[in-house]
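Trainee:
Protein chains: 2
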Amino acid sequence: MALHYDEIVRGSLAKQVADLIRAAILEGRLQVDERLPTEEELARRFGISRPTVREALKVLAAQNLIRSRRGPAGGTFVTRPDLDAAARTITDAATLLVGMGRFEIDEIVAARGQTEALCCRLAARNRTDEDLDAMAQELSLQQDETLNDEDFCASDVRFHRAVVQATGNGPLQFIMHAMIESFIPITNMLIYRHHERRRTIGAHQKIRAAIAERDEDTAAALMQHHVEGMRAVLDQALAHRRPEKPGGETI
Amino acid sequence: MALHYDEIVRGSLAKQVADLIRAAILEGRLQVDERLPTEEELARRFGISRPTVREALKVLAAQNLIRSRRGPAGGTFVTRPDLDAAARTITDAATLLVGMGRFEIDEIVAARGQTEALCCRLAARNRTDEDLDAMAQELSLQQDETLNDEDFCASDVRFHRAVVQATGNGPLQFIMHAMIESFIPITNMLIYRHHERRRTIGAHQKIRAAIAERDEDTAAALMQHHVEGMRAVLDQALAHRRPEKPGGETI
DNA sequence: TTTTTATATTTGTCAAACCTTTTGCGTTTT
DNA sequence: AAAACGCAAAAGGTTTGACAAATATAAAAA
Chain A
16 MALHYDEIVR GSLAKQVADL IRAAILEGRL QVDERLPTEE ELARRFGISR PTVREALKVL
76 AAQNLIRSRR GPAGGTFVTR PDLDAAARTI TDAATLLVGM GRFEIDEIVA ARGQTEALCC
136 RLAARNRTDE DLDAMAQELS LQQDETLNDE DFCASDVRFH RAVVQATGNG PLQFIMHAMI
196 ESFIPITNML IYRHHERRRT IGAHQKIRAA IAERDEDTAA ALMQHHVEGM RAVLDQALAH
256 RRPEKPGGET I
Chain B
16 MALHYDEIVR GSLAKQVADL IRAAILEGRL QVDERLPTEE ELARRFGISR PTVREALKVL
76 AAQNLIRSRR GPAGGTFVTR PDLDAAARTI TDAATLLVGM GRFEIDEIVA ARGQTEALCC
136 RLAARNRTDE DLDAMAQELS LQQDETLNDE DFCASDVRFH RAVVQATGNG PLQFIMHAMI
196 ESFIPITNML IYRHHERRRT IGAHQKIRAA IAERDEDTAA ALMQHHVEGM RAVLDQALAH
256 RRPEKPGGET I
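In the order they appear, the protein sequences are chains A and B.
For the first sequence, our numbering assigns the number 16 to the initial residue and increments by one for each residue that follows.
For the second sequence, our numbering assigns the number 16 to the initial residue and increments by one for each residue that follows.
1) Can you tell me the Cβ-Cβ gap for A:His134 and A:Val172, rounded? I've got them flagged as a contact below 8 angstroms.
2) Identify the contact partners of B:Ile123 in chain A, using a Cβ-Cβ distance below 8 angstroms as the criterion.
3) What residue ranges within the stretch 76-146 of chain B form continuous alpha helix (DSSP H) runs of no fewer than 4 residues, ordered along the chain?
4) Going by DSSP, name the residue or residues bridged to A:Arg50.
5) A:Gln31 lies in the alpha helix (DSSP H); which residues open and close that run?
6) Helix, strand or coil for A:Thr161? Go by DSSP, reduced to three states.
7) Using a Cβ-Cβ cutoff of less than 7 angstroms, which residues in the same chain neighbour A:Ala139 once the five nearest sequence positions on both sides are dropped?
8) For A:Arg212, which of A:Glu196, A:Pro186, A:Asp159 has the nearest alpha-carbon?
9) Below 7 angstroms between beta carbons: does that hold for B:Val93 and B:Glu54?
10) Looking only at C-alpha atoms, which of A:Gly43, A:Leu75, A:Arg59 sits nearest to A:Lys30?
11) On the three-state DSSP scale, how would you describe A:Thr182?
12) So B:Met150 and B:Arg223 are supposed to be a Cβ contact under 8 angstroms. How far apart are they, rounded?
13) Run through chain B and tell me which residues come within less than 8 angstroms of A:Glu231, C-beta to C-beta.
14) With a 10 Å radius around its C-beta and 16 neighbouring C-beta atoms as the bar for buried, classify B:Arg127 as buried or exposed.
15) Could you tell me which of A:Met238, A:Met245, A:Ala247 sits nearest to A:Arg270, measuring between CA atoms?
16) Once the 5 residues before and after A:Ile40 are set aside, which same chain residues still bring their CB inside 7 angstroms of it?
17) Just tell me which of A:Leu249, A:His219, A:Thr182, A:Glu122 has its CA closest to the CA of A:Phe167.
18) Under the criterion of a Cβ to heavy atom distance below 6 angstroms, does B:Phe189 qualify as lining the ligand GDP?
19) Report the rounded CA-to-CA distance for B:Ser278 versus A:Phe198, giving the unit in angstroms.
20) What is the rounded straight-line gap between the Cα of B:Ala169 and the Cα of B:Ile195?
21) Is the separation between the beta-carbon of A:Pro186 and that of B:Ile123 shorter than 7 angstroms?
22) Name, please, each residue of chain A whose Cβ falls closer than 7 angstroms to the Cβ of B:Ala151.
23) Which two residues bound the contiguous alpha helix (DSSP H) that contains A:Glu243?
24) Which value, in whole angstroms, describes the spacing of the CA atoms of A:Ala236 and A:Ala132?
25) Tell me the rounded alpha-carbon separation between A:Leu189 and A:Ala177.
26) Does the Cβ-Cβ distance between B:Val5 and B:Leu57 come in under 7 angstroms?
27) Can you name the residues of chain B whose CB is closer than 7 angstroms to the CB of A:Met115?
28) Determine the DSSP secondary structure at A:Ser64, reduced to helix, strand or coil.
29) What residues from the stretch 82-106 of chain B come within 8 angstroms of chain A, judged by C-beta to C-beta, listed N to C?
30) Determine the burial state of B:Leu112: buried for a count of at least 16 other Cβ atoms within 10 Å of its Cβ, exposed for fewer.
31) So with Cβ pairs under 7 angstroms, would you call B:Val74 a contact of chain A?
32) Just the Cα atoms here: how many angstroms apart are B:Gly183 and A:Arg85?
33) Taking only beta-carbon positions, decide if A:Glu211 is within less than 7 angstroms of chain B.
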């Protein structure tokens, strides 16, 4: 009687149901925007209770696979895969890893320098005038001396995103989203005094100019130098900052 | 009386609670492996019912932020950010987008060609002997003529991952994981007849040799050519394959 | 001392109801 | 006839209270 006792129960009922519905969506048995049965009906069909069904649906909703609305025309619907939502998901995952110190600063800087340099090359090839305008808009914003640090950093992020956007490559934009959104905030935490800003803006301007001229090599070299140039000042800044354990009221 | 009407209610109670706990974890107010109060206690503190608390916890569990165990020493614990779990998350998100046809084949091939070529450069710089061994192991596996298509594809994926691994860069490995795991299955769906296999193996061998010699340029060029060479055969294969709507029993 | 048993604790599940939002229809009013 | 209003039904959102299952710890028995 040496049968396999695994696979008989793969976890909680909610997990099993979530897996079943997820599989149905991924395999196309549930079309986009199709409406699932009501929670009560699902509970009846799976032979479980409604709270358990709801736990399963919450998991799927957290993965951006379904959405729910109330009312007679409401219900649970299969969500069209959304680039922004997916990007947010991976950004959150990456941000968590970075925030918890799973990566070395050197690694992050190197990865950003290399991948963004690559994006510069492709941007120089494929950029449109609109892409250049988007970069120019952030550059003019960054000129504003009265901008506070937070807004300056946000504009910096948008500039780097504009470069990625200019590549015109969806999959690349997708993964670079995680790179930029999750790694830049760490690198931008303490720097940006006034003369730092001037240097950053100068680098951005030269990068944009090279992309405008479709000069791949120059654009890539500039970007890599720009990103990796932040390492020294970053090391110095982080050395001063000992993260004390926050004692705020917890849950 | 022109006040802002947003922010009054940000969503369901479960979502609000999930956001609160998530913020507590991300801000470090809840340490890794720290135990949260029991579900009953959380319900009391937030002034909501236990099923609602459970819905919130399920969302966080789906995001790999917490885990739960039963029993006296059980409870809900903050999960240490896990590279594999995070990689699986972003791979799932990317796979969904690819599977739903949100990206063009050309885009995918171009993105893979460029990024993997970049990885080849870094691999040539930083590879260890263990990395070369890992590639060699897959190569010898791929020589086996009796290997079925599924196993051959799996080995192919592992070879590409070995190249990424050889870069020694954690953040890069993280995002390339999504690239390789989610995009390769699509590209590998219909090809790999015998003479295709020989060509693939030959390319792999040359790539590994170039990485072994620390010849960046050659390795990168070989990889890019290898990946982008699949475009023609892929276009042809996909032209024959009209995805009919599966009529299997739905939920 | 080792093994077994009991017990307390905590998550997992269930059942039945009530609340809130949304929609659509029917009525009333203009 | 058209617009405004109001009501009722449908569906998700929430509550209450209970029971089931797992599991670590302590107690009891061998």
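By construction, the Cβ of each residue, glycine as well, lies at the ideal position given by its N, Cα and C atoms.
Mentor: Quick look at the numbers:
1) The sequence shown places Cys at residue 134 of chain A, rather than the His named in the question. Wrong, their Cβ atoms sit about 14 angstroms apart, outside the cutoff.
2) Pro186, listed in chain order.
3) Entirely contained in the stretch 76-146 of chain B, the alpha helix (DSSP H) runs reaching 4 residues are, in chain order, 98-114, 120-141.
4) A:Arg50 is bridged to A:Phe92.
5) If you look at A:Gln31, you'll find it in the alpha helix (DSSP H) that goes 28-41.
6) DSSP places A:Thr161 in the coil class of the three-state scheme, outside both helix and strand.
7) Excluding sequence positions up to five before and after A:Ala139, its CB lies within less than 7 angstroms of the CB of Ala225, Ile226, Arg229, Asp230, Glu231, Ala234, all in the same chain and listed in chain order.
8) Here the closest residue by C-alpha is A:Asp159.
9) No.
10) Of the listed residues, the one whose Cα sits closest to A:Lys30 is A:Leu75.
11) Three-state DSSP puts A:Thr182 in coil, outside helix and strand.
12) Yes, they are in contact, since the Cβ atoms of B:Met150 and B:Arg223 sit about 5 angstroms apart, within 8 angstroms.
13) Here the premise fails: no neighbours, minimum Cβ distance about 12 angstroms.
14) Taking all protein chains shown into account, B:Arg127 has 16 or more neighbouring C-beta atoms within 10 Å of its C-beta and is therefore buried.
15) Because residue 270 of chain A is not part of the residues shown, which for chain A are 16 to 266, the question remains open.
16) Excluding sequence neighbours, A:Ile40 sits near Leu80, Val93.
17) A:Phe167 has its Cα closest to that of A:His219, out of A:Leu249, A:His219, A:Thr182, A:Glu122.
18) Judged by which ligands are present, the structure shown has none, so any question about the ligand GDP falls away.
19) The first residue shown for chain B is 16 and the last is 266, placing residue 278 of chain B beyond what the model contains.
20) Their Cα atoms are separated by approximately 11 angstroms.
21) For A:Pro186 and B:Ile123, yes; Cβs fall inside 7 angstroms.
22) Here the premise fails: no neighbours, minimum Cβ distance about 26 angstroms.
23) Looking at the DSSP string, the run of the alpha helix (DSSP H) that includes A:Glu243 is 231-243.
24) A:Ala236 and A:Ala132 have their alpha carbons spaced roughly 7 angstroms apart.
25) Position check: residue 189 of chain A holds Phe in this sequence, whereas Leu was assumed. If I take the Cα positions, the gap works out to 13 angstroms.
26) Residue coverage of chain B in this structure runs from 16 to 266, which leaves residue 5 of chain B outside it and unanswerable.
27) Result: Pro96.
28) Coil.
29) From the stretch 82-106 of chain B, only Arg95, Pro96, Leu98, Ala101, Thr104, Ile105 have a Cβ closer than 8 angstroms to chain A.
30) With 16 or more other Cβ atoms within 10 Å, it is buried.
31) True, the Cβ-Cβ gap to chain A drops below 7 angstroms.
32) Approximately 49 angstroms, taken between the alpha carbons.
33) Between A:Glu211 and chain B, the shortest Cβ-Cβ separation is not below 7 angstroms.
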